[in-house]
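Asker: Okay, so the sequence shown: first residue is 1205 according to our numbering, each after it adds one. Glycine residues also receive a C-beta, built at the ideal position from the N, C-alpha and C atoms. Pasting a structure here, questions to come.
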Amino acid sequence: MPSRLFSQSEANSLVPTLQLSFATISEMRSGVEELLADLASGDPTRIAGILRGEEPVPPGEEPRIEKLQSLIVELGEAVESVVAQGVIIQELDPGMVDFPSLFDGRVVLLSWQYGEHAVEYFHELDDGFESRAPLPDAHPVLH
């Protein structure tokens, strides 16, 4: 059983924070992707080597490497702060989150996607996000 179970109301109370978090995460990811594309001619192997200290930093690229490293750390911290709330991140982009919950006596996952105003869907533990169904109007979501 998950360490935390959410009611629909508890999940909905996190939506404003999640909206802000995923907007920030999206901006950070865009920044990382831009820097990666520009650095080392976009060669992922070379960039990874530079970040691990195995490859020399190209002349004049130190500030951008430092910015990339900083953004990667900030991105990790932003993701960790979302996970620390007890939710399960299914996708960073576009921001898909599951909330463990009890529904009719069984554990299910309430689901929310960035841009939605409320948590209105659920799916079974073994089903993916694409299998989510609307929550019934009067539902016995407990925790």
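1) Indicate the three-state DSSP secondary structure (helix, strand or coil) for Phe-1226 in the structure shown.
2) Around the C-beta of Arg-1336, are 16 or more other C-beta atoms found within 10 angstroms, so that it is buried, or is it exposed?
3) Which ranges would you report for the alpha helix (DSSP H) in the region 1215-1277 if only whole runs of at least 4 residues count?
4) Does DSSP classify Glu-1324 as helix, strand or coil?
5) Would the beta-carbon of Gly-1332 be found less than 6 Å away from any heavy atom of the ligand PLP?
6) To the nearest angstrom, report how far apart Glu-1270 and Glu-1324 are at their CA atoms.
7) Does the Cβ-Cβ distance between Gly-1299 and Tyr-1318 come in under 7 Å?
8) In whole angstroms, give me the CA-to-CA distance for Leu-1272 and Leu-1240.
9) Going by beta-carbon coordinates alone, are Ile-1254 and Val-1261 separated by less than 7 Å?
Answerer: Once the coordinates are examined:
1) Note: Phe-1226 maps to helix in three-state DSSP.
2) Arg-1336 is buried by the Cβ-count criterion.
3) You should have 1248-1255.
4) Residue state, collapsed to three classes: coil.
5) Summarising the ligand content, the structure contains no ligands, and the ligand PLP is consequently not present.
6) Whole-angstrom Cα-Cα distance: 41 Å.
7) Gly-1299 is a Cβ neighbour of Tyr-1318, given a cutoff of 7 Å.
8) Straight-line Cα distance between these residues: approximately 8 Å.
9) Between Ile-1254 and Val-1261, the C-beta spacing is below 7 Å.
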